[in-house]
Amino acid sequence: MANVTYSAGIDHVSGALAKPGKSGQHSCEKMLLATHRVAATTNNKCNRLYLRTPQKRTTPLSPRELQIRARFTSVAAMIKARKEDLSKITDDQIAFAAQRNEPNGKKTMLAWYWKVCGDEYDESHNG
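Just add 478 to the spot in the sequence shown (first one is 1) and you have my numbering.
Below is the structure:
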């Protein structure tokens, strides 16, 4: 991944700049992919350039990686359920708005959900 600055007059590019060929003498397995982040964030570096090549994992998943994947799956499910729970929506919006302008406050509702649900998961599994 690299941060990208385009020539004057080009604000951003998004999509495949080069695709791998499917057949023929000049086919390769690399793809040059440019992305432009449009989600709300506090970072102003929003253009990225990736060189994608096929990769095969050579080692099995470690116990720590399995824990991280399990946490991600569980927290994502908690967020989905919480966003759909009509009894919590108003309270969540009020709590989000109250912390948004704090020094370490989350700037987006989704980031706030990840923090709250992640903290709940950590509390129930680690202490």
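Even for Gly, the Cβ is constructed at its ideal location relative to N, Cα and C. Values in this document were obtained by computation on a predicted structure and should not be read as measured data.
For this session: Could you tell me the boundaries of the alpha helix (DSSP H) in which residue 551 lies?
Result: Residue 551 sits at position 73 when you count from the first residue of the sequence shown. 541-562 is the span of the alpha helix (DSSP H), which, as asked, contains residue 551.
For this session: Give me the Cα-Cα distance between residue 573 and residue 490, rounded to the nearest whole angstrom.
Result: For the purposes of this step, residue 573 is taken as residue 95 along the sequence shown, with counting starting at 1. For the purposes of this step, residue 490 is taken as residue 12 along the sequence shown, with counting starting at 1. Across the structure, residue 573 and residue 490 are spaced so that their CA atoms are roughly 35 Å apart.
For this session: Please confirm whether residue 512 and residue 495 have their CB atoms less than 8 Å apart.
Result: Here residue 512 refers to the residue found at position 34 of the sequence shown. Here residue 495 refers to the residue found at position 17 of the sequence shown. Yes. Within cutoff.
Problem set entry | Host beta strand (DSSP E) of residue 493 (start-end) | For the purposes of this step, residue 493 is identified with residue 15 of the sequence shown, where counting begins at 1. For residue 493, the uninterrupted beta strand (DSSP E) segment begins and ends at 493-496.
For this session: May I have the straight-line CA-CA distance separating residue 593 from residue 579, to the nearest angstrom?
Result: Position 115 of the sequence shown holds residue 593. Position 101 of the sequence shown holds residue 579. So the alpha carbons of these two residues sit roughly 15 Å apart.
Exercise. So, do the segment 582-592 and the segment 555-567 have three or more beta carbon pairs nearer to each other than 8 Å?
Worked result: A contact exists between the segment 582-592 and the segment 555-567.
Exercise. Can you tell me whether residue 553 is buried or exposed, with buried defined as 16 or more other CB within 10 angstroms of its CB?
Worked result: For the purposes of this step, residue 553 is identified with residue 75 of the sequence shown, where counting begins at 1. Counting Cβ neighbours within 10 Å, residue 553 comes out buried, since at least 16 surround it.
Exercise. Around the Cβ of residue 591, are there at least 16 other Cβ atoms within 10 angstroms (buried) or fewer (exposed)?
Worked result: Here residue 591 refers to the residue found at position 113 of the sequence shown. Around the beta carbon of residue 591, 16 or more other beta carbons sit within 10 angstroms, so the residue counts as buried.
Exercise. Three-state secondary structure (DSSP) at residue 517?
Worked result: Along the sequence shown, read from residue 1 onward, the residue named residue 517 stands at position 39. In this structure, residue 517 counts as coil in the three-state DSSP scheme.
Problem set entry | Proximity of residue 557 and residue 595 at Cβ, strictly below 8 Å | The residue given as residue 557 occupies position 79 in the sequence shown. The residue given as residue 595 occupies position 117 in the sequence shown. Yes.
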